[in-house]
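Q: Protein sequence lines correspond, in order, to chains E and Z. Reading the first sequence from the start, the letters are residues 131 to 652 in my numbering. Reading the second sequence from the start, the letters are residues 234 to 650 in my numbering. Note that CB positions come from ideal geometry on N, CA and C, so glycine has one too. Everything numeric in this text was worked out from a predicted model, so none of it was measured. The structure is given below, and queries will be raised subsequently.
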Amino acid sequence: MPLQAASMALIWEQPSTLTVVLIVIVVLVFFLLITVGNSLLQVRAKELGVLHFANYSVLPNQKDITGKSQTAEDVIRLRKGYDIKLKGSATSNVESIQVNSVAVQPTNVHGIAPIPKLEVAIGDTVKAGDPLFHDKNLERIKFVAPVSGEVVEVRRGAKRAITHVVLLADKKPSYRTLNVPDLQTVDREGLVEFLAQSGAWPLIKQRPYNVLAGLDIIPRDIFISTFDTAPLAPDNNLVVAGQENAFQQGLDVLKKLTPGKVHLGLDAGGSGAHEAFSKAEGVEKHWFQGPHPAGNVGVQIHHIDPILPGEKVWTLGVQDVITVGKLFTEKRYDSARIVALCGAEVKNPHYIQTVQGASLKELLKDQLIHDHVRVVSGDVLSGEGKQMDDFLNASDDQISVIKEGDVLELFGWLFPIKARPSISPTFLSSLISGTTFAGETNTHGEERAFVVTGNYEKVTPINMYPQHLLKSILAGNFERMEGLGIQEVVEEDLALCEFICPSKVHVQQILRQGMDMMIEQE
Amino acid sequence: MSALIKFLKKVEPDKKKSPFLHTLYDAVFTLVYTPDHVTKGGVHIRDGMDLKRTMVMVVIALQLCYVFGTWNIGQQHFAALGLYPGVFDGLHLKLIHGLIKVLPIFIVTHVVGLGIEIWYASKKGHGVEEGFLVTGALIPLIMPPDIPLWILAIAVGFATWIGKEAFGGTGRNIWNIALLARVFVFFAYPTEISGDQVWVSGLDAAAAGAGVDYGWFHLSFFNGIFDSLGWATFDPSATVIDGFTGATPLGLAYSGGWEAVTHVYSVDQMWWGDIPGSIGETAKPLILIGAVFLILIGIGSWRIMLSMFIGAAVMGLIFNGWGATPFMQVPWYYQFYMGSFFFAMAFMATDPVTAAGTNRGKWIYGLMIGALGLLIRVSNPAYPEGWMLAILFMNMFAPLIDHYVLEANMKKRLNRA
Numbered sequence: 131m132p133l134q135a136a137s138m139a140l141i142w143e144q145p146s147t148l149t150v151v152l153i154v155i156v157v158l159v160f161f162l163l164i165t166v167g168n169s170l171l172q173v174r175a176k177e178l179g180v181l182h183f184a185n186y187s188v189l190p191n192q193k194d195i196t197g198k199s200q201t202a203e204d205v206i207r208l209r210k211g212y213d214i215k216l217k218g219s220a221t222s223n224v225e226s227i228q229v230n231s232v233a234v235q236p237t238n239v240h241g242i243a244p245i246p247k248l249e250v251a252i253g254d255t256v257k258a259g260d261p262l263f264h265d266k267n268l269e270r271i272k273f274v275a276p277v278s279g280e281v282v283e284v285r286r287g288a289k290r291a292i293t294h295v296v297l298l299a300d301k302k303p304s305y306r307t308l309n310v311p312d313l314q315t316v317d318r319e320g321l322v323e324f325l326a327q328s329g330a331w332p333l334i335k336q337r338p339y340n341v342l343a344g345l346d347i348i349p350r351d352i353f354i355s356t357f358d359t360a361p362l363a364p365d366n367n368l369v370v371a372g373q374e375n376a377f378q379q380g381l382d383v384l385k386k387l388t389p390g391k392v393h394l395g396l397d398a399g400g401s402g403a404h405e406a407f408s409k410a411e412g413v414e415k416h417w418f419q420g421p422h423p424a425g426n427v428g429v430q431i432h433h434i435d436p437i438l439p440g441e442k443v444w445t446l447g448v449q450d451v452i453t454v455g456k457l458f459t460e461k462r463y464d465s466a467r468i469v470a471l472c473g474a475e476v477k478n479p480h481y482i483q484t485v486q487g488a489s490l491k492e493l494l495k496d497q498l499i500h501d502h503v504r505v506v507s508g509d510v511l512s513g514e515g516k517q518m519d520d521f522l523n524a525s526d527d528q529i530s531v532i533k534e535g536d537v538l539e540l541f542g543w544l545f546p547i548k549a550r551p552s553i554s555p556t557f558l559s560s561l562i563s564g565t566t567f568a569g570e571t572n573t574h575g576e577e578r579a580f581v582v583t584g585n586y587e588k589v590t591p592i593n594m595y596p597q598h599l600l601k602s603i604l605a606g607n608f609e610r611m612e613g614l615g616i617q618e619v620v621e622e623d624l625a626l627c628e629f630i631c632p633s634k635v636h637v638q639q640i641l642r643q644g645m646d647m648m649i650e651q652e
Numbered sequence: 234m235s236a237l238i239k240f241l242k243k244v245e246p247d248k249k250k251s252p253f254l255h256t257l258y259d260a261v262f263t264l265v266y267t268p269d270h271v272t273k274g275g276v277h278i279r280d281g282m283d284l285k286r287t288m289v290m291v292v293i294a295l296q297l298c299y300v301f302g303t304w305n306i307g308q309q310h311f312a313a314l315g316l317y318p319g320v321f322d323g324l325h326l327k328l329i330h331g332l333i334k335v336l337p338i339f340i341v342t343h344v345v346g347l348g349i350e351i352w353y354a355s356k357k358g359h360g361v362e363e364g365f366l367v368t369g370a371l372i373p374l375i376m377p378p379d380i381p382l383w384i385l386a387i388a389v390g391f392a393t394w395i396g397k398e399a400f401g402g403t404g405r406n407i408w409n410i411a412l413l414a415r416v417f418v419f420f421a422y423p424t425e426i427s428g429d430q431v432w433v434s435g436l437d438a439a440a441a442g443a444g445v446d447y448g449w450f451h452l453s454f455f456n457g458i459f460d461s462l463g464w465a466t467f468d469p470s471a472t473v474i475d476g477f478t479g480a481t482p483l484g485l486a487y488s489g490g491w492e493a494v495t496h497v498y499s500v501d502q503m504w505w506g507d508i509p510g511s512i513g514e515t516a517k518p519l520i521l522i523g524a525v526f527l528i529l530i531g532i533g534s535w536r537i538m539l540s541m542f543i544g545a546a547v548m549g550l551i552f553n554g555w556g557a558t559p560f561m562q563v564p565w566y567y568q569f570y571m572g573s574f575f576f577a578m579a580f581m582a583t584d585p586v587t588a589a590g591t592n593r594g595k596w597i598y599g600l601m602i603g604a605l606g607l608l609i610r611v612s613n614p615a616y617p618e619g620w621m622l623a624i625l626f627m628n629m630f631a632p633l634i635d636h637y638v639l640e641a642n643m644k645k646r647l648n649r650a
């Protein structure tokens with residue numbers, strides 16, 4: 131025994147190369163066996179159709195070690211992205227404004243012909259919910275009046291396309307009575323027909339390509355993001371307060387439209403989620419945390435259940451769901467919208483209670499600090515720039531006003547005088563956290579060819595290569611566009627790429643071009 | 234300020250009558266003033282970063298190399314003559330000699346390169362793109378100090394014309410423009426950029442007893458000034474000391490291994506860059522400062538830099554294990570003390586246009602450059618430095634690497650079902 135102990139001690143004190151190699155090999159083989167076993171277990175779990183097959187493992191995972199219980203509502207943490215901190219976020223008081231002028235804009239919806247068929251003429255009086263027009267090929271989907279009143283104008287744009295049907299609103303609204311089916315007994319077909327007739331159908335957006343949902347399409351799933359991370363975006367917790375019933379009713383309606391699930395994306399950071407969202411019934415909840423675009427429904431879809439080629443899903447905004455719900459709770463088409471009026475050029479940024487398609491001139495009356503401004507329906511990244519005599523877009527819940535930046539700046543590219551938002555650490559202001567920016571519309575440079583690589587990926591929390599997707603669109607390579615995931619994104623998901631692009635490339639425009647090409651191919 | 238705008242607007246040449254002048258004017262104007270363009274469609278607010286700022290940041294990162302390179306031209310010149318051995322001895326002479334060499338190279342590079350660039354921009358009717366800001370700053374740093382200016386002009390012309398404009402301009406070229414200029418000299422005029430004769434400037438020949446080659450600027454202009462100030466002057470009768478060969482560490486390592494190198498140059502000398510070589514590539518610490526600066530501001534790709542280092546280190550270890558020639562036996566970590574590895578890593582391989590565009594591709598791209606570069610350095614008898622050829626070679630394969638990375642991403646996406 132002592133001899134053996136001595137020889138053991140010798141091995142430990144002066145291990146020969148052979149001993150070390152043998153120990154290393156034994157350890158490696160041990161881990162190899164475990165890894166192989168682990169993989170076989172997961173393969174089997176996947177074959178058996180276990181959804182979260184990654185949870186089946188012979189190895190303890192991090193949560194087992196740290197002792198936290200694994201819940202169904204894991205937070206999905208996204209690191210990529212950027213929050214543009216702008217001045218002029220809306221304070222939480224809500225002002226009710228009754229506007230006189232309201233418009234329905236066919237251009238708000240992708241996927242319909244530019245000249246829809248009008249069902250009314252100038253001078254007609256309509257009730258809220260009465261059909262105004264429909265697409266020539268989709269006769270059953272009605273676009274309805276958000277308010278009651280008189281049709282006063284039909285505006286036309288290039289090639290005689292109808293851009294606006296303008297209504298002069300009554301002081302006292304009257305509503306078209308709807309023949310509301312019983313949600314418990316109605317079948318899917320009847321429900322679809324009712325939604326199409328009631329005017330709520332255009333609220334449903336279909337992905338890929340963000341187009342008007344097809345009547346004969348059965349979506350794989352329906353996705354709703356309950357929070358918005360865009361610059362100065364409205365707080366949906368404030369919007370949904372008092373509308374909890376309508377929201378839940380809306381979710382119940384949507385559940386009937388898909389054989390899959392209704393997925394809700396909730397805010398795990400910042401202000402948290404309202405009970406209407408966190409306690410919503412009959413839906414799958416997913417918690418997200420991270421900078422913009424974590425609140426974009428496209429990003430959430432990618433992390434919940436990505437869209438594969440050939441698949442279709444539908445998306446709605448929170449206020450759209452409430453409008454759908456109110457068809458059943460209040461038996462009428464309620465176009466009420468709470469809109470955040472924000473931006474550094476607004477005197478008193480706050481929320482406004484108004485209707486879809488309200489006149490911007492009336493909403494912004496006495497609200498602007500200067501005249502020379504950019505009025506955006508939506509957020510500053512993917513909203514639409516509007517003239518003052520224009521109207522709020524149907525699905526927008528935000529009006530951003532920032533300064534027009536059409537001034538020459540001496541050595542502005544080298545020594546900028548004013549702080550500007552940027553992801554580049556070459557700007558001092560980007561290093562100081564908590565800096566807010568007024569923001570203006572100057573491009574800060576001229577358009578160039580793609581030069582810098584890898585920076586789009588920094589702000590896109592989706593496993594894709596945005597720059598190569600854009601190149602494949604410019605080259606018209608359909609196979610590559612599909613392979614690189616064009617069906618997974620819409621303009622707003624890549625808006626940050628356009629914001630940060632040092633070559634000032636029109637990312638969203640190119641992406642839309644690609645999506646239109648894909649639609650034509652179908 | 235508005236007076237300046239008024240003046241600039243007043244001297245604006247007519248666009249139709251003289252497109253070349255107008256393009257030149259436009260380039261100057263946008264350099265002075267950021268244009269008043271506003272966003273149209275798409276985003277309404279844009280990041281403050283543009284291509285001009287991106288490129289200028291790289292040029293800023295190169296400035297230390299310029300300062301050191303100018304001094305080092307003088308330092309090597311006087312070392313050959315056995316004069317002023319200390320760092321600050323005869324500083325004015327070293328700097329002036331350096332400037333007499335660097336400035337003409339810098340000016341010729343820009344006149345030729347920018348001339349072609351502006352001419353093409355005026356033909357195509359768009360603004361002058363910023364790519365040449367960096368290219369123009371890089372080319373002087375990778376040339377030998379005594380390069381004949383006409384050769385330089387032809388090389389820069391070839392690189393900008395054939396290497397860039399023929400492919401469509403900035404952002405569309407396949408090969409690194411600066412390296413293309415260098416490789417042109419390398420293949421067309423090999424005696425001007427290889428061997429032991431070219432790396433120390435201002436000598437009739439790099440051999441003991443040879444005289445100095447001073448021109449009018451040295452002897453009449455600056456000597457006059459220095460005389461009047463009572464400072465030391467350029468001595469036209471100085472001769473090269475005994476034992477001087479002009480060989481670079483790499484040349485020595487090829488023939489005699491690490492011993493031959495340390496016989497002539499100390500490790501410290503090589504690290505700080507007090508050795509003959511191309512103008513801006515010798516001072517490792519200053520290049521690394523530039524590299525760290527580029528990484529911190531997010532312009533240089535740390536992936537390429539790190540993977541290139543790993544690639545070279547692994548290749549060095551393999552050679553150490555093999556050990557067939559004296560050069561292979563040089564310890565792998567000493568390989569980084571010689572030649573232009575760090576300059577190639579920080580400023581050449583990281584060119585975003587010619588490097589791989591995907592993050593995964595950048596790792597492969599850098600690894601391959603590191604391994605190939607050292608392979609060429611150690612096993613190529615004609616020219617013991619490999620980074621230029623390795624980078625150009627991998628530039629050619631970068632699209633292929635990207636292709637396979639994208640294919641993998643596409644496959645993953647389509648197989649998700």
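How close, in whole Å, do the beta carbons of E:Val282 and E:Ala251 come, if the pair is a contact with beta carbons under 8 Å?
A: At roughly 11 Å, the Cβ-Cβ gap does not stay under 8 Å, so E:Val282 and E:Ala251 are not in contact.
Q: Grab the span of the beta strand (DSSP E) containing E:Gln327 for me, first residue to last.
A: Counting along the chain, E:Gln327 falls outside any beta strand (DSSP E), though it belongs to the alpha helix (DSSP H) covering Arg318 to Ser328.
Q: If I follow the unbroken alpha helix (DSSP H) through E:Glu628, where does it start and stop?
A: Ala625 to Ile630
Q: Going by the beta-carbon positions, is the gap between E:Leu381 and E:Ala410 smaller than 8 Å?
A: yes
Q: Give a yes or no on whether the minimum CB-CB distance between Z:Thr272 and chain E is below 8 Å.
A: yes
Q: With distances taken from CA atoms, which of E:Asp496, E:Ala488, E:Ala466 and E:Pro338 is nearest E:Pro479?
A: E:Asp496
Q: Where do the N-terminal and C-terminal ends of the beta strand (DSSP E) with E:Asp85 fall, by residue?
A: The structure shown does not extend to residue 85 of chain E, since chain E is modelled only from 131 through 652, so no value can be given for it.
Q: When the Cα of E:Ser401 is compared with those of E:His433, E:Gly253 and E:Gly420, which residue comes out closest?
A: E:Gly420
Q: Could you tell me which chain E residues have their CB closer than 9 Å to the CB of Z:Phe266, listed as they occur along the chain?
A: Rather than Phe, the amino acid found at residue 266 of chain Z in this sequence is Tyr. The answer, in chain order, is Leu538, Glu539, Leu540, Phe541 and Gly542.
Q: Would you decide whether Z:Tyr637 is buried or exposed? Buried here means 16 or more other CB atoms lie within 10 Å of its CB.
A: exposed
Q: Examine chain E for any beta-carbon lying closer than 8 Å to the beta-carbon of Z:Thr583, and answer yes or no.
A: no
Q: How many Å lie between E:Leu493 and E:Val229 at the Cα?
A: 7 Å
Q: Please report the straight-line C-alpha distance between Z:Ala313 and E:Ser602, rounded to a whole angstrom.
A: 57 Å
Q: Rounded to the nearest angstrom, what separates Z:Tyr487 and Z:Trp449 at their Cα positions?
A: 38 Å
Q: So which residues of chain E does Z:Thr263 contact, with C-beta pairs closer than 7 Å?
A: Glu576
Q: On the three-pair Cβ rule with 8 Å, is the stretch 615 to 629 of chain E touching the stretch 422 to 437 of chain E?
A: yes
Q: Would you list the residues sitting across from E:Trp417 in a DSSP beta bridge?
A: E:Val205 and E:Leu396
Q: Spell out the partners DSSP gives E:Lys335 in its beta bridges.
A: E:Leu342 and E:Thr445
Q: From E:Lys477, E:Thr255, E:Asp213 and E:Val582, pick the residue whose C-alpha is nearest to that of E:Asp300; which is it?
A: E:Thr255
Q: Of all the alpha helix (DSSP H) runs that stay within the bounds of the stretch 571 to 638 of chain E, which reach a length of 4 or more residues?
A: 585 to 588, 596 to 605, 608 to 613 and 625 to 630
Q: Is E:Ser226 helix, strand or coil when you go by DSSP?
A: strand
Q: Kindly indicate which three-state DSSP category E:Leu494 falls into: helix, strand or coil?
A: Residue state, collapsed to three classes: coil.
Q: With 8 Å set as the bound, which would you pick, yes or no: does the beta-carbon of E:Ala202 sit closer than that to a beta-carbon of chain Z?
A: Low per-residue confidence applies at E:Ala202: pLDDT is 46, beneath 50, and the placement is therefore not dependable, though the value from the model is reported in the following sentence. Chain Z contact via Cβ: absent.
Q: I need the DSSP call for E:Glu269, collapsed to helix, strand or coil.
A: strand
Q: Evaluate E:Asp526 with the Cβ neighbour count: other Cβ atoms within 10 Å of its Cβ, from every protein chain shown; 16 or more gives buried, anything less gives exposed.
A: With 16 or more other Cβ atoms within 10 Å, it is buried.
Q: Just verifying my parser: in three-state terms, what is the DSSP assignment at Z:Val439?
A: Per the sequence presented here, residue 439 of chain Z reads as Ala, with Val not at that position. Looking at Z:Ala439 - three-state DSSP - the assignment turns out to be coil, as it is neither helix nor strand.
Q: How would you write the range of the beta strand (DSSP E) that Z:Arg646 sits in, first residue to last?
A: Here Z:Arg646 belongs to no beta strand (DSSP E); instead the alpha helix (DSSP H) covers Trp620 to Leu647.
Q: In chain order, what residues of the same chain have a beta carbon less than 6 Å from the beta carbon of Z:Leu284, not counting five sequence neighbours either side?
A: Glu363
Q: What are the residues that DSSP puts in a beta bridge with E:His294?
A: E:Arg285
Q: Which value, in whole angstroms, describes the spacing of the CA atoms of E:Leu600 and E:Pro423?
A: 19 Å
Q: Spell out the partners DSSP gives E:Ser231 in its beta bridges.
A: E:Leu298
Q: Locate the alpha helix (DSSP H) running through Z:Tyr498, then write down its first and last residues.
A: Neither: Z:Tyr498 is in no alpha helix (DSSP H) and is coded neither H nor E.
Q: Going by the DSSP bridge assignment, what does E:Glu514 pair with across the sheet?
A: E:Ser507
Q: Tell me whether E:Pro246 is buried or exposed, calling it buried when 16 or more other Cβ atoms sit within 10 Å of its Cβ.
A: It is buried - the Cβ of E:Pro246 has at least 16 other Cβ atoms within 10 Å.
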